[in-house]
Amino acid sequence: MPVISLEKCQYYWDDLTNNMICAGSVSPEKDACSGDSGGPLTARQDGDIRLAGLVSYGMSCDSPYRHSIAVYTRVSNFSGWIKSYTDKKSSISSGGGSFVWTLFPLLGLLLLRKKYYLTKGI
32 MPVISLEKCQ YYWDDLTNNM ICAGSVSPEK DACSGDSGGP LTARQDGDIR LAGLVSYGMS
92 CDSPYRHSIA VYTRVSNFSG WIKSYTDKKS SISSGGGSFV WTLFPLLGLL LLRKKYYLTK
152 GI
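In my numbering, the protein residues as written are 32 to 153.
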């Protein structure tokens with residue numbers, strides 16, 4: 032989905048700030064829609080796919096005046112805040128690490144307990 036300058040986006044949306052990215056096209060073919068809030072806008076950078084934005088808002092999908100330009104939160108402007116709440120040792124996700132392996136046996140016990148209660152008619 033093509034990124035659109037904030038100046039051009041002002042034609043479609045008011046009150047835009049530098050914390051926002053606009054993306055889409057004037058024709059209503061591709062756009063963020065109801066239920067997409069928080070979804071990703073990705074961009075290729077140095078051969079990698081990066082998170083550029085998060086769906087914030089757009090035109091209602093059933094609007095007769097619909098265009099396909101949506102507004103996204105500019106993730107790069109919040110990288111400091113994101114890093115302050117994530118692992119400071121590494122910027123690469125470990126997929127959950129030991130936390131997942133700690134919860135996995137507990138999940139198994141809960142499933143067994145649920146199966147026991149379901150078979151006993153409780």
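Beta carbons are placed, not taken as given, at the ideal position from N, Cα and C, and that holds for glycine.
Looking at the DSSP output, Y88 shares a beta bridge with V102. Residues A54, S56 of the same chain have their beta carbon placed closer than 7 Å to that of P33, with the five preceding and five following residues left out of the count.
Spatial neighbours of P71 in its own chain (CB-CB distance under 7 Å, excluding positions within 5 residues in sequence) are listed in chain order as L82, L85. In this structure, S68 sits near S87, with a CB-CB distance shorter than 9 Å. Taking 9 Å as the cut-off, the beta carbon of I52 is found closer than this to the beta carbon of T104. A straight-line Cα-Cα distance of about 34 Å links Y116 and Y43.
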